[in-house]
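First to last, the sequence lines map onto chains A and B. Residue numbers are given in the numbering used here: position 101 of the first sequence equals residue 101, and the series is strictly consecutive. Position in the second sequence (from 1) plus 115 gives the number in the numbering used here. Below is one structure, written out as structure tokens; comments come after it.
Protein chains: 2
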Amino acid sequence: MEQTTLFRILGDETRLRAVALMAEAGEVCVCELVHALELPQPKISRHMAAMRDAGLVVPRRDAQWVFYDLDPALPDWQQDVIAATVKGIRTEAVVINDRKRLKSMNDRPVRCAVA
Amino acid sequence: MEQTTLFRILGDETRLRAVALMAEAGEVCVCELVHALELPQPKISRHMAAMRDAGLVVPRRDAQWVFYDLDPALPDWQQDVIAATVKGIRTEAVVINDRKRLKSMNDRPVRCAVA
DNA sequence: AGCGCATATCCGTTTTGGCGTATATGCTGC
DNA sequence: GCAGCATATACGCCAAAACGGATATGCGCT
Chain A
1 MEQTTLFRIL
11 GDETRLRAVA
21 LMAEAGEVCV
31 CELVHALELP
41 QPKISRHMAA
51 MRDAGLVVPR
61 RDAQWVFYDL
71 DPALPDWQQD
81 VIAATVKGIR
91 TEAVVINDRK
101 RLKSMNDRPV
111 RCAVA
Chain B
116 MEQTTLFRIL
126 GDETRLRAVA
136 LMAEAGEVCV
146 CELVHALELP
156 QPKISRHMAA
166 MRDAGLVVPR
176 RDAQWVFYDL
186 DPALPDWQQD
196 VIAATVKGIR
206 TEAVVINDRK
216 RLKSMNDRPV
226 RCAVA
């Protein structure tokens, strides 16, 4: 069963935090994740690659940045799972701080192309 | 974040199948799982122990059998996640066959005590 | 072309997790 | 107490996955 891959992805704290951030803020680029989650860049890139390979997330290149967002084409039940999860963890201290740091980040890359 | 434990649990096929079965059929005992999933007993026991330790599942001893069921006291969002998941996978061939084998099992232990 | 920032990938290591087999524990009925 | 079934755990092994750090690639600017 390939259905377990969604859970394998969500079963890692770094990726879960990234998912929560994207679900709330829409697409984010790697440097924003590095700043918001306070984690080394290679670690973020590796985890985003895992999500991309799993089909959870879609990359969009814009100049020197790569923006990731949850794939809107995910099966309904997976979107439901993610929605329920985000709802359940949005008041967690970790998640709150991630959100806070993202919002207060200086020089966030401008989204020039398609939203 | 301890929230990842739910997903770590669901990220294994054996456990996911057990969860689907319990969500549909209510509490089941180890020998029923062995029969329905067609897996060796120690493997089932180990996975059920993992779920028990994670707080996903509650054991009920009745004579020589141990029945497991999803913990009704799980946080709402986790119940939502499970509900969405079960809804999403209930038409999977594997899940259908598990259900079928459970129903057609001979000499299923009688539930003598509390439901 | 060359520099600088953003991102991705590689390498070696460590941790985690699943597995099969064997064995222990618990309960029932004689 | 003993036999027999149901369940749990222990042990050693192997594979997957996460990690830090170094390095490669991609892009924009001058």
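C-beta atoms are modelled at their ideal positions from N, C-alpha and C, and glycine is treated no differently.
Have a look at the DSSP bridge pairing and note the partners of residue i.
i: Arg176(B); result: Val181(B)
i: Val86(A); result: DSSP lists no partner for Val86(A).
Give the range of the alpha helix (DSSP H) segment to which residue i is assigned.
i: Pro187(B); result: It is not in any alpha helix (DSSP H) - Pro187(B) carries neither H nor E in the DSSP assignment.
i: Ser160(B); result: 156-169
i: Arg130(B); result: 128-140
i: Arg108(A); result: No alpha helix (DSSP H) contains Arg108(A), which DSSP labels as neither H nor E.
i: Glu147(B); result: 145-152
i: Thr120(B); result: 119-125
Tell me, to the nearest whole angstrom, how far the beta carbon of residue i is from that of residue j; I am working on the premise that it is less than 8 Å.
i: Thr4(A); j: Asp191(B); result: Actually they do not touch by this definition, with Cβ atoms about 23 Å apart.
i: Asp213(B); j: Met137(B); result: Not quite, the Cβ-Cβ distance comes to about 11 Å (not below 8 Å), so this is no contact.
i: Gly170(B); j: Asp186(B); result: 6 Å
i: Leu125(B); j: Phe7(A); result: 4 Å
> At a Cβ cut of 7 Å, what residues of the region 44-66 of chain A count as close to chain B, listed as they run along the chain?
Replying inline: Of all residues in the region 44-66 of chain A, none has a Cβ within less than 7 Å of some Cβ in chain B.
>> Does the structure place the region 35-50 of chain A close enough to the region 153-160 of chain B that three or more beta carbon pairs sit under 8 Å?
In response: As far as the Cβ criterion goes, the region 153-160 of chain B does not touch the region 35-50 of chain A, which means the pair count is below three.
> For the region 81-101 of chain A, which residues have a CB atom closer than 7 Å to at least one CB atom of chain B, in sequence order?
Replying inline: Per Cβ criterion, the list reads Val81, Ala84, Thr85, Lys87, Gly88, Ile89, Glu92, Val94.
> Of all the residues that make up the region 8-31 of chain A, which are near chain B by a beta-carbon distance shorter than 7 Å?
Replying inline: Per Cβ criterion, the list reads Arg8, Leu10, Gly11, Asp12, Glu13, Leu16.
> Do the region 213-225 of chain B and the region 131-148 of chain B touch if we need at least three Cβ pairs shorter than 8 Å?
Replying inline: Because the criterion of three Cβ pairs below 8 Å is met, the region 213-225 of chain B and the region 131-148 of chain B touch.
>> Assess contact between the region 192-203 of chain B and the region 84-94 of chain A, defined as three or more Cβ pairs (one per stretch) separated by less than 8 Å. Is contact present?
In response: Judged by Cβ distances under 8 Å, the region 192-203 of chain B makes contact with the region 84-94 of chain A, as three or more pairs qualify.
> Quick one: any contact between the region 127-137 of chain B and the region 202-211 of chain B, if contact means 3 or more CB pairs under 8 Å?
Replying inline: Yes, the region 127-137 of chain B touches the region 202-211 of chain B.
> Got a sec: which bits of the region 66-78 of chain A sit with their beta carbon under 8 Å from any beta carbon on chain B, in order along the chain?
Replying inline: Residues Pro75, Asp76, Trp77, Gln78.
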